[in-house]
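**Student:**
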Amino acid sequence: MEPILTVDNLKTAFLTSSGKVQAVRGVSFSLNKGEIVGIVGESGSGKSVTSMSILRLLPDTARIDPESSILFEGRDLSRLPKKQLRDIRGQKIAMIFQDPMSSLNPLIPVGNQVEEMIKIHHRELSGEELRKRALALFQDVRIPEPEKRFAQYPHQFSGGMRQRVMIAMALANRPDLLIADEPTTALDVTIQDQILKQLRALQREWNTAIIFITHDLGVVAELCQRVLVMYGGLIMEESPIDDLFERPRHPYTLGLLRSIPALNQDKGARLDSIPGSPPDMTNPPAGCPFAPRCPYARQICARELPPYAAVGEGHRSMCWLLQPDAPAEGNPFREEEAR
Amino acid sequence: MSGPILEVTDLTQHFPVNRRDVVHAVDGVTFSIRRGQTLGLVGESGCGKSSCARSIIRVYDPTGGRIVLDGEEITHMSQKELQPRRKKMQMIFQDPYASLNARMTVRDIIAEPLLAHHVVKSREEANDYVYPMLERVGLTREHAGRYAHEFSGGQRQRVGIARALVLRPELVICDEPISALDVSIQAQVVNLLRDYQQEQGLAYLFIAHDLSMVRYVSDLVGVMYLGQLVELCAAEEIYAHPLHPYTQGLLSSIPVANPKLAREKEQSGIEGDLPSPVDPPSGCRFHTRCPFAKEVCSQEAPCMKEVSPGHQTACHLY
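Chains A and B, in that order, are what the protein sequence lines are.
Under my numbering, the first residue of the first sequence carries the number 26, and numbering increases by one thereafter.
Under my numbering, the first residue of the second sequence carries the number 1429, and numbering increases by one thereafter.
1. In this structure, what does DSSP give as the bridge partners for Q47/A?
2. Going by DSSP, what residue range makes up the alpha helix (DSSP H) through G1492/B?
3. Can you pull the chain A neighbours of I1461/B, defined as C-beta to C-beta under 9 Å?
4. What residues in the region 1723-1735 of chain B bring their beta carbon closer than 9 Å to a beta carbon of chain A?
5. Since G1629/B and R1463/B are thought to touch, with beta carbons under 8 Å apart, how far apart are those beta carbons, to the nearest angstrom?
6. Listing by chain order, which chain B residues have their CB less than 7 Å from the CB of D206/A?
7. Is the distance from the Cβ of L202/A to the Cβ of I118/A below 7 Å?
8. How is the beta strand (DSSP E) around S342/A delimited, first residue to last?
9. Mind reading off the beta-carbon distance from H1744/B to C1661/B? Whole number of angstroms is fine, and I expect it under 8 Å.
10. Could you name the residues of chain B that G51/A contacts, counting a contact when the two beta carbons are closer than 9 Å?
11. Are any of the Cβ atoms in chain B nearer than 7 Å to that of T239/A?
12. Under a three-way DSSP split, which group does T75/A fall into?
13. With 9 Å as the limit, tell me which residues of the region 266-289 of chain A have their beta carbon closer than that to any beta carbon of chain C; keep them in chain order.
14. Under 7 Å between C-beta atoms, does D1610/B make it to chain A?
15. Using a Cβ-Cβ cut-off of 7 Å, state whether V32/A counts as contacting chain B.
16. Which residues mark the beginning and the end of the alpha helix (DSSP H) in which I61/A is found?
17. Taking 7 Å as the CB-CB cut-off, is R295/A touching chain B?
18. From Q219/A to I1698/B, what does the alpha carbon distance come to, in whole angstroms?
19. With a cut-off of 8 Å, do at least 3 Cβ pairs link the region 130-146 of chain A to the region 159-168 of chain A?
20. Please tell me whether I29/A and K58/A are closer than 7 Å, where the distance is taken between their beta carbons.
21. What's the C-alpha gap between Q1676/B and G1471/B?
22. Please check if any C-beta of chain A sits within less than 7 Å of the C-beta of V1445/B.
23. So which of G337/A, L347/A, G69/A, Q116/A has the shortest CA-CA distance to H146/A?
24. If you follow the beta strand (DSSP E) that C1602/B is in, where does it begin and where does it stop?
25. Which partner residues does M120/A have in the DSSP bridge list?
26. Run through DSSP, which three-state label would H275/A get?
27. Quick check: G71/A and M261/A, are their CB atoms within less than 7 Å of each other?
28. Quick check on N1555/B - is its C-beta less than 7 Å from some C-beta in chain A?
29. According to DSSP, is K1549/B helix, strand or coil?
30. Excluding five sequence neighbours on each side, which residues of the same chain lie with their C-beta closer than 7 Å to the C-beta of R1622/B?
31. For a contact meaning CB atoms closer than 7 Å, what does V244/A contact in chain B?
32. When the Cα atoms are used, what is the spatial distance from P84/A to T41/A?
33. Please name the residues in the region 1467-1498 of chain B whose beta-carbon is closer than 7 Å to at least one beta-carbon of chain A, in chain order.
34. Leaving out the 5 sequence neighbours to the left and right, which residues in its chain are closer than 7 Å to I195/A when beta-carbon positions are compared?
35. State the start and end residues of the unbroken beta strand (DSSP E) segment that holds T1437/B.
This is the structure:
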């Protein structure tokens, strides 16, 4: 299948008073049409900066490395002139964010804001046609009483309903790619559940590809077909969804999975937490960024960045333990294989 | 060691919004916490779990009901009368960024409750408590002279925990103590709270919306909906045999970190949004979203009743 998006060696840094923050340090992945890919990581892992780099929604202090390329439908978004990029934003690639309140204008009725989104890319449409299309979108994202809701202001909407409006706006022009940056993190589980169902239905119906950014492995398991696990500005592991949960091949992924209590967790047992905290990205470690917190770290881990090892169909991981010369003893990935 | 550390009976907390309207934040909540036990309180935002905690710690003056702390009724005590009793009851807040004074060093933050309660007379004396406490929560002496902004979220929450625990309280109210933290850091903080409980035998009122974490830390779990407690039972029981349709819906909404189970999961969840607490629905407050609602549900409010030993729920189905 032809990929719709190919990100190659993406490096994004921010220039700050305390030095250069290397937020993304060489990220490569691709996305097929209609595929849902999750990017998981902690705050500071570079997952949001990766997604913001795709549409170049970055502050002026940000620099995308000239070697990087972001190919979307044959064009390199990292080099595209601003004007052409504007035609892609909201039209071919749309985005939804964590906080739906700050993404809506509090002074304009919600319906008009959705209309505006359509109008930007379809100047030719009449007012009546715009309203018809916007109302249809309200129905698509299942906002109850769309006619009444249309004229209301954002403050009259609950958090879940606002997020539905954001999705309606994002889908206004039937984008080929939807980037969702923690869209359910601020919502309650019951509302999150409703939104996830909505996204799944839209993806099925319209074959929209989705990049879903989250820190919640549960959400990933429910929604995504493939996962990228990010840490320290790098993809630590990339895997099809089932394989990641059944055969995690990176100590960081292992740690993450063990940190969440399962619903059948033995309550007497302590949770396996990952000690320490994430690295400072103004001065990232020379070797593997996870080495300072990794229970399996050896000398080489702090010194040198490991190459990717292919560990299955579409499954790669960046860890010295997966290299042929890695010790067999105390190696969580070898012992499992031997069994 | 007699009697529960906290008994809450029929607690009601209303807030007037204007001359006509009243927010029914908490309506007739009853539970008790035994010494050394953890009660988890779960529910959606706006269900009244935080208001409940704040009434108990008497940030608010309760509209009705009784709060008994360690055998003494504190419902209507003046702040002056309360002051010496506050030592027994401390709080850990959700936002480790907003709940620490940015202009105080970590040493001063942790020493403040000691000075306020006259446990120590001077800052120097306080160090004897501050240093061991810092080490207990996984920080070091060297951190004492620093300010909150120099720390990560997880470290700040450790400072907040040290501040709450330094008085050796018998009850700690944890209001979403881990929601603002990264997954790998959440487990660190939860382990810390549990270890300290095993050492000191203190009780927690643990408020969170992360149900799997609540089950893991709690002995008892209470589920709140629109200001009312709808189900209360042992933590294992609530996951194994949820009775109230709201609890069932809430549990099925939790994303399962297992793709195979997630696909097999029955698609249920809960439809719709939380109704306004200014004008809560008649009868059972959940009837507007309940898939099993009968006629009686919109007319009559169900009472909490014990359906099986130690398992209470307020629902007309039982």
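Every residue gets a Cβ at the ideal spot worked out from N, C-alpha and C, and that includes glycine.
**Tutor:** So, from the listed chains and residues:
1. Q47/A pairs with A38/A.
2. Element bounds for G1492/B: not the alpha helix (DSSP H) but the beta strand (DSSP E), 1492-1497.
3. By Cβ distance, chain A contributes nothing, its closest Cβ being about 17 Å from I1461/B, past 9 Å.
4. none
5. 7 Å
6. The premise fails here: D206/A is roughly 16 Å from chain B at the closest Cβ pair, so nothing lies under 7 Å.
7. Yes, these two residues count as a Cβ contact at 7 Å.
8. 340-343
9. The pair is not a contact, with the Cβ atoms about 18 Å apart (cut-off 8 Å).
10. By Cβ distance, chain B contributes nothing, its closest Cβ being about 23 Å from G51/A, past 9 Å.
11. no
12. Helix.
13. Among the chains of the structure shown, chain C does not appear; the protein chains present are A and B.
14. yes
15. no
16. Taken as a continuous stretch (DSSP letters only), I61/A belongs to no alpha helix (DSSP H), being part of the beta strand (DSSP E) at 61-65.
17. yes
18. Taking the CA atoms as reference points, Q219/A sits about 8 Å from I1698/B.
19. Touching, yes, given that three or more Cβ pairs across the two stretches are closer than 8 Å.
20. yes
21. 12 Å
22. no
23. Q116/A is the residue among G337/A, L347/A, G69/A, Q116/A whose C-alpha sits nearest the C-alpha of H146/A.
24. Counting along the chain, the beta strand (DSSP E) containing C1602/B begins and ends at 1599-1603.
25. I204/A
26. coil
27. no
28. no
29. coil
30. V1645
31. What V244/A touches in chain B, judged by beta-carbon distance under 7 Å, is P1683, going in chain order.
32. 11 Å
33. E1472, S1473
34. Contrary to the premise, residue 195/A reads as Ala rather than Ile in this sequence. For A195/A, where only same-chain residues beyond five positions count, the Cβ hits under 7 Å are A119, M120, I121, L203.
35. 1434-1444
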